[in-house]
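Going from the sequence shown to this note's numbering is simple: count from 1 and add 10. One structure is given below, encoded as C-alpha cells.
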Amino acid sequence: MRDSWEIRFEWIQTILQWVSLAVGVALTFLQFGIDPSTIASSLAVLGYTIAMHLIPVRNKNTKLVGGLLALLGVVTSLFAIAITGGLDSGFLLYLAVPVFFAAAFHGTILGVLTSFATIIGLIAIATTAGFSPASTTLPLMIVFYALIGITFSQARRILIEEPRSTPEGAQLQRLESAHRLLGDLAGLASSAELNPVNIGRSALRDLAVSVPYAAGSISIIDAAEEITVATRGHPGPVDEAERFPVTLDRENLGSLTLWPLEGSSLGEHESDINQSMRPVALAFANVLLLQSIAHRAVREERVRLARELHDEIGPSLVSVGLGIDLALVSGEIDDDSRRHLKNMRETIGVLVEEVRDTVTNLRSDGTPSLLEHARELAADAPIDGPAFVVDIDEIEPPRPRVAGELAAIMTEAVRNAVEHADASVIRIEGTVRRDQGEFRVVDNGRGINAGLELDHRYGMIGMKERAESIDAHLSIHSTKRKGTTIVTRWGSK
C-alpha cells in the first residue's frame, strides 16, 4: 500500500522527465541538427528515462539502488550536456530529474549530495569550455539545482519524516508495517508450504533419493504432543527404527523415524539426513508460529466477548429480572399476568446462567474439542498396534466443565483397548452437540473376561466415577472374542 505523497511525487517526476527530455531533444536538433553527438545524447537520456520507469518502485526506494540511479542520472545528463553545447545545451533542464528524484524520494542527505555532484559537473564542463566570468548562466544553474535539492528534500521531511517522529506518526508507521506483514501472512497461510502434511510427504520422498530406507515417518511437536504428519512405506517395530530430531536453533520441533533396509545402517547417511531436515524444521517452525499468532488472536477476541457479556448483557438481564420481581410483589396484577411474569422470570434466570457459563467458557484456555482429542489418541498409538478409525460429528465442543472428564474417559477406554483387547481395529465414534452427546470406543478384540468382576477393574471404576461427577451415563458391552463397546452419554436427549 503506497502513500499519496509518493504517488504525487512520481507524477511530478514523470512529467519532469518527459517534458525535459522532449525540450532537450527538440532544442538540440534545432541547434545542431542530426549528427552523431545529438543522436548519442538523445539516446543516452532516453535510455535513462525508460530505465527509471521499468525498475520497480520497491527497488528504487532502497538506499543503494536509489543512490546509484541518482548518480547515473547526473552522469548521463552531464554527458549529454558536454557533447551538445555545454552550458548552451538543451539538456540542461534534464539535470533537474536526478536531483528531484534523490531529494524527494531519499531525503536531505542524498538530495544535497546529488545537487553537489551536479554543480561540480557543471563547473567542470564550464571550465573545459572556457567559462566567461561575465556569463550569468553558470551561477543561475548552480542556484537552480541547489534550490531543487533543498526544496524537495525539505518537502519530504515535512510530509514524511516529521509526522513519523511524533508519537501519533510512530504509531501510524507501526500500524502500516503491521498491515503489510499481516497481508503477507494472509497469503502464506493458504499456501502449501505451511501444510505440515505436504511438507512431511515431500521431505520423505526427496530423502529416498539419497538415503536408502525401507519406511519412514515424520512427526511434529504441537502443544507438547508429538503428532505424525506423514509416513512412507510400511513401518515396522519401533525397536528396529532409528530416530533423528528435527530441530531449529536448538529447539526440538519434531522427529524423523526411519526403518533401514535389512542388513544396513543409516549412520553413514546422518549428514544427508540432517541436511534434508533443515527445510522441514523451518517449515515446522513457521507452522507453529502461525498457529501461535492465530491462537492469540482468537484468545483476545474471546476475552473481549466475555467482557462485553459480563459488563453489559449480564447486568441488563439481572435488572430486568429485578423489575419483574418488584412487579410480582406489588400485588396489583391479576393471576394470568402473574403467571406470565413468573414464566418470564424463570426464563431470565436461565439466560443469566447461560451468560455466566458462556463467560466462563470464553475465558477458559483453548477449545476442549473431543474430536481433536480422539485424533491425538490415534496419532499417539503404537505404530505396530491396531488401526484407528475416528468418526465423531462434533458440531460444537462440550463445555469446559465437562470436557476434561469426557476426555479422560475416552483416554482410559482407548488405553484399555490398546493394551488389553488384542484388537486389530479400534473405532472412536459419536456425536457432540456442546450440552449433550455421546461417544463410543469400539474394538474387535477378545472382550472382557466375564470371570473377573467389574468392580476389580480400577480403570473401569475410574471411568464410572468420572461419568457420575458430570451426570453422564457410562455403559460397557462386551462379548467374548467379539470385542468391547464403551458408550458415554451426557446431557438431555
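Where a beta carbon is used, it is the ideal one built from N, C-alpha and C, also for glycine. Source: prediction; values computed, not measured.
* Assuming D453 contacts G493 under a Cβ cut-off of 8 Å, what Cβ separation, rounded to an integer in Å, is found between them? -> As a working note, residue 453 is residue 443 in the sequence shown. As a working note, residue 493 is residue 483 in the sequence shown. About 5 Å separates the two Cβ atoms, so the contact holds.
* To do: Would you mind working out which of L82, I135, L132, I91 sits nearest A112, comparing C-alpha positions?
  => To locate residue 112, count along the sequence shown from 1; it is residue 102. Closest option to A112, Cα to Cα, is L82.
* Quick one, which of G273, V290, L263, G95 has its alpha-carbon nearest A251's? -> Along the sequence shown, one-based indexing puts residue 251 at 241. Cα-wise, what sits closest to A251 is G273.
* Who are the Cβ neighbours of S488 in its own chain at under 7 Å, not counting the five residues just before and after it? -> In the sequence shown, counting from the first residue as 1, residue 488 sits at position 478. Same-chain partners within the cutoff: G457, I458, T494.
* Asked: Taking 7 Å as the cut-off, does the CB of L40 come closer than this to any heavy atom belonging to the ligand MN?
  -> With respect to the ligand MN, the structure offers nothing, as it holds no ligand at all.
* Residue span of the beta strand (DSSP E) that contains Y223, given as start and end -> Residue numbering aside, residue 223 sits at position 213 when the sequence shown is read from its first letter. Segment 223-232, the beta strand (DSSP E) holding Y223.
* At a Cβ threshold of 8 Å, is N262 touching chain D? -> Structure shown: chain D not included; a single protein chain is present.
* Does the region 378-390 come close enough to the region 401-408 to have 3 or more Cβ pairs within less than 8 Å? -> yes
* What residue from L217, S163, E429, L271 has the CA that sits closest to V122's CA? -> Taking the sequence shown and counting its residues from 1, the one referred to as residue 122 is at position 112. Taking only the C-alpha atoms, the option nearest V122 is S163.
* Asked: What are the boundary residues of the beta strand (DSSP E) that includes L268?
  -> The residue you call residue 268 lines up with position 258 of the sequence shown. Here the beta strand (DSSP E) through L268 covers 261-270.
* Compare the C-alpha of N208 against each of T238, Y223, F89, A225 and name the closest. => Locating residue 208 in the sequence shown gives position 198, counting from the first residue. Selected option, being the one with the closest Cα: T238.
* Identify which residue in N353, V451, V313 has its Cα closest to the Cα of I419. => Numbered from its first residue, the sequence shown carries residue 419 at position 409. Here the closest residue by C-alpha is V451.
* Asked: Are the beta-carbon atoms belonging to L79 and K70 less than 8 Å from one another?
  -> To locate residue 79, count along the sequence shown from 1; it is residue 69. To locate residue 70, count along the sequence shown from 1; it is residue 60. Yes. Within cutoff.
* Asked: Three or more C-beta pairs closer than 8 Å, one from the region 294-301 and one from the region 316-323: is that the case here?
  -> no
* To do: Ignore the nearest five residues each way along the sequence and tell me which others in I152's own chain have a CB closer than 6 Å to its CB.
  => What you label residue 152 is simply residue 142 of the sequence shown in a count that begins at 1. Cβ within range, chain order: I129.
* Terminal residues of the alpha helix (DSSP H) in which I393 lies -> Here residue 393 refers to the residue found at position 383 when the sequence shown is read from its first residue. Looking at the DSSP string, I393 is not in any alpha helix (DSSP H), and its letter there is neither H nor E.
* Asked: In this structure, what does DSSP give as the bridge partners for E498?
  -> The sequence position of residue 498 within the sequence shown is 488, counting from 1. According to the sequence displayed, residue 498 carries Thr and not Glu. T498 is bridged to F449, L484.
* Asked: Measuring CB to CB, does K352 end up less than 8 Å from L338?
  -> As a first step, residue 352 is located in the sequence shown; it is residue number 342 there, counting from the start. As a first step, residue 338 is located in the sequence shown; it is residue number 328 there, counting from the start. It is a contact, given that the beta carbons lie within the stated cut-off.
* To do: Could you tell me the distance, in whole angstroms, from the CA atom of L462 to the CA atom of E415?
  => Numbered from 1 along the sequence shown, position 452 holds the residue referred to as residue 462. Numbered from 1 along the sequence shown, position 405 holds the residue referred to as residue 415. In this prediction, L462 scores a pLDDT of 45, lower than 50, which makes its location untrustworthy; no coordinate-derived value is stated.
* To do: Within its chain, find whatever has a CB closer than 6 Å to the CB of S275; leave out the 5 residues flanking it on each side and keep chain order.
  => Within the sequence shown, residue 275 is the residue found at index 265, counting from 1. None.
* Hey, would you say T94 sits closer than 8 Å to S47, going by beta carbons? -> For the purposes of this step, residue 94 is identified with residue 84 of the sequence shown, where counting begins at 1. For the purposes of this step, residue 47 is identified with residue 37 of the sequence shown, where counting begins at 1. Contact: yes.
* **Inter-residue Cα distance where the pair is F39 and P66** => In the sequence shown, the residue the question calls residue 39 occupies position 29. In the sequence shown, the residue the question calls residue 66 occupies position 56. Approximately 32 Å between the Cα atoms of the pair.
* Ignore the nearest five residues each way along the sequence and tell me which others in P255's own chain have a CB closer than 7 Å to its CB. => Within the sequence shown, the letter at position 245 stands for residue 255. N262, S265, listed in sequence order.
* To do: Label E448 either buried or exposed according to how many other C-beta atoms from any shown protein chain fall within 10 Å of its C-beta, with 16 as the threshold for buried.
  => Counting from one through the sequence shown, the residue named residue 448 turns up at place 438. The residue in question, E448, is buried, as its Cβ has 16 or more Cβ neighbours within 10 Å.
* Under the three-state DSSP convention, the category R215 falls into -> Stepping through the sequence shown from its first residue, residue 215 is reached at position 205. DSSP places R215 in helix when its eight states are reduced to three.
* **Span separating the alpha-carbon of G100 from that of E20** => The count along the sequence shown starts at 1 and reaches residue 100 at position 90. The count along the sequence shown starts at 1 and reaches residue 20 at position 10. So the two alpha carbons sit approximately 23 Å from each other.
* Delimiting residues of the beta strand (DSSP E) encompassing P255 -> Numbered from its first residue, the sequence shown carries residue 255 at position 245. P255 -> beta strand (DSSP E) spans 252-258.
* Asked: Do you know whose CA, among L103, R68, D98, lies nearest V84's CA?
  -> Taking the sequence shown and counting its residues from 1, the one referred to as residue 84 is at position 74. Ranking L103, R68, D98 by Cα distance to V84 puts L103 first.
* Asked: So the beta strand (DSSP E) I436 belongs to, where does it begin and stop?
  -> Looking up residue 436 in the sequence shown gives position 426. That run of the beta strand (DSSP E) goes 435-443.
* Asked: Whose C-alpha, out of F115, I228, R476, G117, is nearest the C-alpha of A413?
  -> By one-based count along the sequence shown, residue 413 stands at place 403. The candidate whose alpha carbon is nearest that of A413 is R476.
* Reduced DSSP secondary structure (H/G/I, E/B, other) of T241 -> Walking along the sequence shown from the start, residue 241 turns up at place 231. Note: T241 maps to strand in three-state DSSP.
* For D401, which residues does DSSP report across the bridge? -> For the purposes of this step, residue 401 is taken as residue 391 along the sequence shown, with counting starting at 1. Answer is E439.
* Determine the contact status of L88 and I135, defining contact as a CB-CB distance below 8 Å. => The residue given as residue 88 occupies position 78 in the sequence shown. The residue given as residue 135 occupies position 125 in the sequence shown. For L88 and I135, yes; Cβs fall inside 8 Å.
* Asked: Closest by CA to V442, which one among N296, I486, W500?
  -> Taking the sequence shown and counting its residues from 1, one reaches residue 442 at position 432. Comparing Cα-Cα distances from V442 to each of N296, I486, W500, the minimum goes to W500.
* To do: State the beta-bridge partners of G493 as determined by DSSP.
  => Position 483 of the sequence shown, counted from the first residue, corresponds to residue 493. DSSP, once it has assigned bridges, lists T489 as partnering G493.
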